[in-house]
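What follows is a short report on a single structure.
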Amino acid sequence: MKQTSPLEGMTVLVPRGKKQAHSFSALIQSYGGIPVEIPLIAFEPLQDKETLYKTHKRIQTYDWVIFTSATAVDAFFENLSQGGPFPNIAVIGEKTKKLLMDKGLKVQFMPQDYVAEGFVEDFLPLVEEGMKVLIPKGNLARDYIAASLSENGADVDEIIVYETTFPRESIGLLKKQLSGKGLDILAFTSPSTVDHFIGALKELGYENAVKDSVVGCIGPVTRERAKAYGLQVHAVPEEYTVHNMLKSIISYLAEIRREN
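Under this note's numbering, the sequence shown is numbered contiguously, ending at residue 271.
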């Protein structure tokens, strides 16, 4: 009997931009699936970099710099050379850590859970009264970490280093896909991908086009955003990475097949 791949012939939404989509698509293909790349988010560097330049000049006044994504790292260091001592660095996620290490920087802290809540829980024992913390972030990122650390005595500065936008050309891509083979699996990698996907569906009048799709979310915050729109979420991994999200979707599908 021929062994079939767990995602054999299934179309899977890849909502990331071109730069981030390749590795996700390769994973889907390795499990037999058909990746459908429809970028739902794009990251644009800020046009006015004056605040960023000023922050770099006084970087050594901070005790910690917290990077919550690889995108924040890229945007923070874009067109800026890294030289001299750098404060302690805390990160969320292996990709973020690796990117900084590739720049020759040492990461002193990474939480077990790759979400803001897990970060705060693990990091709070390190917080001291008056400790200066810098958080480079996107315009849509939550302020949970900054608020939590401030409440516990830290002096926190947040700096917006990039903007999250919706690529308008994806409306046409989505319409073409949903008018044809459709999407068997929706894999959401952030709350913004959910927001933009639902917005596009409403603009197209295709709200019912994904009612039978399997929905996977990378973590609890993204899951709650999807549920707020009325989507039934079938799979969320315990460790919040794209690969683990895909594995959780495969586990859900296997369970459904056993029941049937």
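By construction, the Cβ of each residue, glycine as well, lies at the ideal position given by its N, Cα and C atoms.
Computed from a predicted structure; not experimentally measured.
Bridge-paired residues (DSSP) for residue i
i    : result
A46  : Reading off the sequence shown, one finds Pro at residue 46, where the question assumed Ala. P46 pairs with V23.
P248 : According to DSSP, P248 bridges with nothing at all.
E55  : E174
I77  : A101
Neighbour-count burial assignment, residue i, 16 or more Cβ in a 10 Å radius
i    : result
P96  : exposed
H254 : exposed
T233 : buried
M256 : buried
T22  : buried
K13  : Summary for K13: the model assigns pLDDT 47, below 50, so the residue's position carries little reliability; its value from the coordinates is reported in the next sentence. Answer is exposed; the Cβ neighbour count stays below 16.
E266 : exposed
R27  : buried
Q31  : buried
Y251 : buried
D206 : buried
T72  : exposed
E48  : buried
H33  : exposed
M125 : It is worth fixing the name first, because residue 125 is Tyr in this sequence and not Met. With 16 or more other Cβ atoms within 10 Å, it is buried.
V247 : buried
G141 : exposed
D195 : buried
T15  : exposed
G241 : exposed
S203 : buried
G191 : exposed
G115 : exposed
S41  : exposed
G193 : exposed
A149 : Going by the sequence as given, residue 149 is Gly instead of Ala. The residue is buried, with at least 16 neighbouring Cβ atoms inside 10 Å.
A37  : exposed
Whole-Å CB distance - residue i paired with residue j, under 8 Å assumed
i    : j    : result
S259 : G227 : 6 Å
P122 : F134 : 7 Å
I156 : V131 : 6 Å
P50  : P178 : 5 Å
I45  : G20  : 7 Å
S224 : I52  : Going by Cβ atoms, the distance from S224 to I52 rounds to 19 Å, so no, they are not a contact pair.
L24  : A198 : 6 Å
E139 : G164 : 7 Å
V144 : L110 : No, V144 and L110 are not in contact; Cβ-Cβ is about 20 Å, not under 8 Å.
Runs of 4 residues minimum, wholly inside the region 164-233: which ones carry the alpha helix (DSSP H) assignment?
If we require 4 residues or more, the alpha helix (DSSP H) runs fully inside the region 164-233 come out as 181-190 and 202-215.
Taking 8 Å as the cut-off, does the region 212-222 touch the region 96-105 (at least 3 CB pairs, one atom from each stretch)?
With a cut-off of 8 Å, the region 212-222 and the region 96-105 do not count as touching, because too few Cβ pairs lie within range.
Could you give the uninterrupted runs of the beta strand (DSSP E) lying entirely in the region 86-166, keeping only those of 3 residues or more?
Within the region 86-166, the complete beta strand (DSSP E) runs of at least 3 residues are 99-102 and 143-149.
For the 8 Å Cβ check, are there 3 or more pairs between the region 165-182 and the region 50-64?
At 8 Å Cβ cutoff, the stretches touch.
Does the pairing of the region 177-188 with the region 235-254 give three or more beta-carbon distances under 8 Å?
Here the region 177-188 does not lie against the region 235-254, with fewer than 3 beta-carbon pairs under 8 Å apart.
Given 8 Å, three or more beta-carbon pairs between the region 105-124 and the region 72-81:
At 8 Å Cβ cutoff, the stretches touch.
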